[in-house]
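For the sequence shown, the working numbering begins at 10 and goes up steadily by one.
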Amino acid sequence: MPVIVRLQHCVIRMYFRDHNPPHFHIDTPDGRALMAIRSLEVFEGGVNVRAEREARAWAAANVDRLWAAWQEFNP
Numbered sequence: 010m011p012v013i014v015r016l017q018h019c020v021i022r023m024y025f026r027d028h029n030p031p032h033f034h035i036d037t038p039d040g041r042a043l044m045a046i047r048s049l050e051v052f053e054g055g056v057n058v059r060a061e062r063e064a065r066a067w068a069a070a071n072v073d074r075l076w077a078a079w080q081e082f083n084p
């Protein structure tokens with residue numbers, strides 16, 4: 010599972026050939042969540058508030074990068 014970015018409070022990853030909806034994984038030492046690229050809402054799992062906010066802010070600023078990675082990893 011490729012790491013897209015390592016942030017201060019979490020790591021954002023994507024799996025190859027993953028299920029819909031298009032999403033990314035937020036990993037922390039104490040939790041894991043799946044966040045939809047389109048809505049930037051967590052739809053599975055959970056992480057602490059700080060990590061979720063950090064991931065959402067990064068994703069909002071890098072949505073084109075996330076869509077490109079999703080297209081590359083999920084043809």
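No residue lacks a Cβ here, since even glycine has one placed at the ideal position from N, Cα and C.
Is it buried or exposed for residue 10, if we count other Cβ within 10 angstroms and need 16 for buried?
-> Translated into positions along the sequence shown, residue 10 becomes position 1. It counts as exposed.
From 44, 27, 28, 29, pick the residue whose C-alpha is nearest to that of residue 35; which is it?
-> By one-based count along the sequence shown, residue 35 stands at place 26. The option with the nearest alpha carbon to residue 35 is 44.
In the DSSP assignment, find the beta strand (DSSP E) that holds residue 33 and state where it starts and stops.
-> One-based indexing of the sequence shown puts residue 33 at position 24. Segment 32-37, the beta strand (DSSP E) holding residue 33.
So what's residue 4 in DSSP terms, helix, strand or just coil?
-> Outside the displayed range of the chain (10 to 84) lies residue 4, so it cannot be described from this structure.
Within its chain, find whatever has a CB closer than 8 Å to the CB of residue 46; leave out the 5 residues flanking it on each side and keep chain order.
-> To locate residue 46, count along the sequence shown from 1; it is residue 37. Scanning its chain for C-beta atoms nearer than 8 Å, with the 5 sequence neighbours on each side dropped, one finds around residue 46 the residues 30, 31, 32, 33, 68, 72, 75, 76, 79, in chain order.
Answer yes or no: do residue 19 and residue 56 have a C-beta to C-beta separation smaller than 8 Å?
-> Working through the sequence shown from its first residue, we reach residue 19 at position 10. Working through the sequence shown from its first residue, we reach residue 56 at position 47. Inclusion of residue 19 and residue 56 in the CB contact set at 8 Å is warranted, their separation being smaller than that value.
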